[in-house]
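Participant: Have a look at this one.
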Amino acid sequence: MSDQESEETLSPEHSSVTTSAQQPDTADIVIEVDDVNFSYVKGTEVLRDITMDIRKGEVTALIGPSGCGKSTLLRCINRMNDLIPTAAITKGEIRILDTDIYDPKVDPIELRKHVGMVFQKYNPFPQSIYENVAFGLRIQGIKKKPILDEAVERSLKLAGLWEEVKDRLDSSGLGLSGGQQQRLCIARTVAVEPKIVLMDEPCSALDPISTTIIEELITQLKEEFTIVIVTHNMQQATRVSDKTAYFYLGELIEMDETIKIFNSPSRKETEDYISGRFG
Ligand SMILES: Nc1ncnc2c1ncn2[C@@H]1O[C@H](COP(=O)(O)OP(=O)(O)OP(=O)(O)O)[C@@H](O)[C@H]1O
Ligand SMILES: [Mg+2]
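Mapping the sequence shown onto the working numbering, position 37 (from 1) lands on 430, and the numbers just tick up by one.
What follows is the structure, given as structure tokens:
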């Protein structure tokens, strides 16, 4: 990729995560949420005292009943809540690769190059398949066709869509099936080579076959990206995630290995939720 300048912040080369010598315990932490409170409107906190470490190469699932703050937390991680004027982190810090992402020196646009997001409702642009995937690269000022071609092919392959669309890259992205459109959005997200991919219920609008394809994809993508996924589907959390965090009413009740959360959670609230007795 030609724009090396964009690597100046949040670059692994600049972080102690990959260069320091390595407490095994902390060496792989990519996202640190450190005692965070967040409110959309002053005085009404919808996240309270959230502390969690999210590790490289792992899929972390956020689960919990509707309204407990999962999407809010996800949007705090790429500063999408900045778009709401009254919204603010009122306590604590979120660090990505050791950088406090709310530091005034951090440019949110730059941050979002490193922290991509896939939404519940897939949202391709009304453009060709090719241009959808090339979008973020063009914004970065990359114009050379061979570079764009290579990135588009690589990203579509990563998203498991290349074979299905390679002969119709000039067709509209909106002409694809729902599951294909979601994979196109994943290709668009990974094209700019983010370090982190946030997914907010990426399969909830998809049929079971498309869901399986996306779940397999998530498992492959975690080799390259750190993934945080919100899901209401407990089976999906057990299938795709390494760690699971259970939220309730704005608080993180418990976070642990997924296998532990679903087999022997420490907290009764978690057990009630995952066993369907509540929520
Ligand atoms: N833009 C907003 N302005 C004000 N309050 C909001 C806004 N978005 C969400 N909230 C409130 O913040 C709380 C957490 O909402 P959030 O969307 O994060 O929940 P969630 O866990 O993602 O729920 P769901 O599972 O239904 O998607 C809720 O009380 C919600 O009403
Ligand atoms: Mg949500």
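Heads up, the beta-carbon is just placed ideally off N, CA and C, and yes, glycines get one too.
1. Does ILE652 come out as helix, strand or coil in the three-state DSSP assignment?
2. May I have the straight-line CA-CA distance separating ILE487 from ASP560, to the nearest angstrom?
3. For ligand 2, is there any heavy atom lying closer than 7 Å to the beta carbon of LYS463?
4. Does DSSP classify PHE528 as helix, strand or coil?
5. If we ignore side chains and look at the alpha-carbon of each, how far apart do GLY529 and VAL585 end up?
6. Comparing the CB of VAL623 with every heavy atom of ligand 2, is any distance shorter than 7 Å?
7. Under DSSP, the beta strand (DSSP E) around MET473 begins and ends at which residues?
8. Tell me the DSSP secondary structure of ILE494 in three-state form.
9. With a threshold of 16 other CB atoms inside 10 Å of the CB of ARG670, please say whether the residue is buried or exposed.
10. How far does the beta strand (DSSP E) with ASP635 in it extend, from its first residue to its last?
11. Taking a contact to mean a Cβ-Cβ separation below 8 Å, would you say LYS588 touches THR453 in this structure?
12. DSSP on GLU662, reduced to helix/strand/coil?
13. Please determine if the stretch 466–485 and the stretch 661–669 are in contact, where contact requires at least 3 C-beta pairs separated by less than 8 Å.
14. Would you say the beta carbon of ASP593 comes nearer than 7 Å to a heavy atom of ligand 2?
15. Whole angstroms is fine: what's the gap from ASP493's alpha carbon to GLN520's?
16. If you reduce the DSSP assignment to three classes, tell me which class ALA580 lands in.
17. Quick test of the definition: if touching needs 3 or more C-beta pairs under 8 Å, does the stretch 509–526 touch the stretch 588–604?
18. Provide the residue(s) that pair with TYR641 in DSSP beta bridges, ordered along the chain.
19. For LEU569, count neighbouring C-beta atoms within 10 Å of its own C-beta (all shown protein chains included) and say buried if the count is 16 or more, exposed if not.
20. Can you name, in chain order, every residue of its own chain whose Cβ lies under 7 Å from the Cβ of CYS578, other than the five neighbours on each side?
21. Enumerate in chain order the residues of its own chain whose CB-to-CB distance from LYS484 is below 6 Å, with the five nearest sequence positions on each side excluded.
22. Based on the DSSP output, what are the partners of GLY509 in its beta bridges?
23. Tell me whether ILE489 counts as near ligand 1, meaning its Cβ is closer than 7 Å to at least one heavy atom of that ligand.
24. Using a Cβ-Cβ cutoff of less than 6 Å, which residues in the same chain neighbour ASP446 once the five nearest sequence positions on both sides are dropped?
25. Please list, in chain order, all residues of the same chain as GLU398 whose beta carbon is under 6 Å from its beta carbon, the five residues on each side excluded.
26. Considering only their Cβ atoms, is the gap separating GLU503 from GLY643 smaller than 8 Å?
27. Would you say TYR666 touches ligand 1, meaning its beta carbon is less than 7 Å from a heavy atom?
28. CA-CA distance, PRO658 and PRO478?
29. In or out: GLN629 buried (at least 16 other Cβ within 10 Å) or exposed?
Facilitator: Taking the structure as given:
1. Here the question's residue 652 lines up with position 259 in the sequence shown. In the structure shown, ILE652 adopts helical secondary structure according to DSSP, grouped into three states.
2. Locating residue 487 in the sequence shown gives position 94, counting from the first residue. Locating residue 560 in the sequence shown gives position 167, counting from the first residue. Rounded to whole angstroms, ILE487 to ASP560 spans 43 Å at the Cα level.
3. The residue given as residue 463 occupies position 70 in the sequence shown. Yes; taking the cut-off as 7 Å, the Cβ of LYS463 has a heavy atom of ligand 2 nearer than that.
4. What you label residue 528 is simply residue 135 of the sequence shown in a count that begins at 1. PHE528 carries a helical assignment under DSSP once its states are collapsed to helix, strand and coil.
5. Start at 1 with the first residue of the sequence shown, and residue 529 comes out as number 136. Start at 1 with the first residue of the sequence shown, and residue 585 comes out as number 192. Straight across, the Cα-Cα distance linking GLY529 with VAL585 is about 6 Å.
6. Numbered from its first residue, the sequence shown carries residue 623 at position 230. Yes, the Cβ of VAL623 comes within 7 Å of a heavy atom of ligand 2.
7. On the sequence shown, position 80 is the one that residue 473 refers to. Counting along the chain, MET473 falls outside any beta strand (DSSP E), and DSSP gives it neither H nor E.
8. Counting from 1 along the sequence shown, the entry for residue 494 is found at position 101. If DSSP states are grouped into helix, strand and coil, ILE494 belongs with coil.
9. Stepping through the sequence shown from its first residue, residue 670 is reached at position 277. Of the other Cβ atoms in all chains shown, fewer than 16 fall within 10 Å of the Cβ of ARG670; this residue is therefore exposed.
10. Here the question's residue 635 lines up with position 242 in the sequence shown. First-last for ASP635: undefined, no H or E at that position.
11. To locate residue 588, count along the sequence shown from 1; it is residue 195. To locate residue 453, count along the sequence shown from 1; it is residue 60. The answer is no: Cβ separation not under 8 Å.
12. One-based indexing of the sequence shown puts residue 662 at position 269. Three-state DSSP puts GLU662 in a helix.
13. At 8 Å Cβ cutoff, the stretches do not touch.
14. The sequence position of residue 593 within the sequence shown is 200, counting from 1. Relative to ligand 2, the beta carbon of ASP593 is positioned inside 7 Å of a heavy atom.
15. The residue you call residue 493 lines up with position 100 of the sequence shown. The residue you call residue 520 lines up with position 127 of the sequence shown. Rounded to the nearest angstrom, the two C-alpha atoms are 36 Å apart.
16. Working through the sequence shown from its first residue, we reach residue 580 at position 187. ALA580 falls in the helix class under three-state DSSP.
17. The stretch 509–526 vs the stretch 588–604: in contact.
18. Numbered from 1 along the sequence shown, position 248 holds the residue referred to as residue 641. Looking at the DSSP assignment, TYR641 forms a beta bridge with GLU644.
19. In the sequence shown, the residue the question calls residue 569 occupies position 176. Burial check for LEU569: the Cβ neighbour count within 10 Å reaches 16 or more, so the residue is buried.
20. Indexing the sequence shown from 1 puts residue 578 at position 185. Contacts found: VAL511, TYR515, ASN516 and PRO517.
21. By one-based count along the sequence shown, residue 484 stands at place 91. Only residues of its own chain outside the window of five on either side were considered, and among them ASN430 have a CB closer than 6 Å to the CB of LYS484, listed in chain order.
22. Position 116 of the sequence shown, counted from the first residue, corresponds to residue 509. Paired residues: VAL590.
23. As a working note, residue 489 is residue 96 in the sequence shown. No; taking the cut-off as 7 Å, the Cβ of ILE489 has no heavy atom of ligand 1 nearer than that.
24. Position 53 of the sequence shown, counted from the first residue, corresponds to residue 446. Close CB contacts of ASP446 within its chain, under the 6 Å cut and outside five residues either way in sequence, are with ILE422 and GLU425 (chain order).
25. Reading the sequence shown from its first residue, position 5 is the one you call residue 398. Reliability of the predicted coordinates at GLU398 is poor, the pLDDT of 39 falling under 50, and no value is obtained from them.
26. On the sequence shown, position 250 is the one that residue 643 refers to. On the sequence shown, position 110 is the one that residue 503 refers to. Against a cut-off of 8 Å, the Cβ pair of GLU503 and GLY643 comes out as no contact.
27. Reading the sequence shown from its first residue, position 273 is the one you call residue 666. Checking the Cβ of TYR666 against ligand 1 gives no.
28. Translated into positions along the sequence shown, residue 658 becomes position 265. Translated into positions along the sequence shown, residue 478 becomes position 85. Each residue's Cα considered, the two are about 38 Å apart.
29. Along the sequence shown, one-based indexing puts residue 629 at 236. By the C-beta density criterion, GLN629 is buried, having at least 16 other C-beta atoms within 10 angstroms.
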